[in-house]
Amino acid sequence: MLKTDALLYFGSKTKLAQAAGIRLASLYSWKGDLVPEGRAMRLA
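Residue numbers for the sequence shown follow our numbering, so the first one is 8 and each next one is one higher.
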């Protein structure tokens, strides 16, 4: 899953972080445009 696709779906970085079960600051530590595998499974 691409981070840009997830952002389009959830509408904001804050909502994406909430859905992924992480803090907003952790979202900024994701490398590149891929959502980490464990978080992608939670968002699916």
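The beta-carbon is built from N, C-alpha and C at its ideal position, and this holds for glycine as well.
Under 8 Å by Cβ, that's how I've got residue i and residue j pegged, so tell me the actual separation to the nearest angstrom.
{"i": "residue 49", "j": "residue 18", "result": "With a Cβ gap of about 17 Å, residue 49 and residue 18 do not count as contacting."}
Is the separation between the beta-carbon of residue i and that of residue j shorter than 8 Å?
{"i": "residue 23", "j": "residue 34", "result": "yes"}
Just the Cα atoms here: how many angstroms apart are residue i and residue j?
{"i": "residue 47", "j": "residue 32", "result": "17 Å"}
{"i": "residue 9", "j": "residue 25", "result": "17 Å"}
{"i": "residue 45", "j": "residue 16", "result": "18 Å"}
Which residues in the same chain as residue i place their Cβ atom closer than 8 Å to its Cβ, once the five residues preceding and following it in sequence are excluded?
{"i": "residue 38", "result": "none"}
{"i": "residue 14", "result": "20 and 23"}
{"i": "residue 43", "result": "37"}
{"i": "residue 30", "result": "24"}
For the alpha helix (DSSP H) containing residue i, name the first residue and the last one.
{"i": "residue 74", "result": "One cannot answer for residue 74 here, as it falls past the ends of the chain, which runs 8 to 51."}
{"i": "residue 47", "result": "44-50"}
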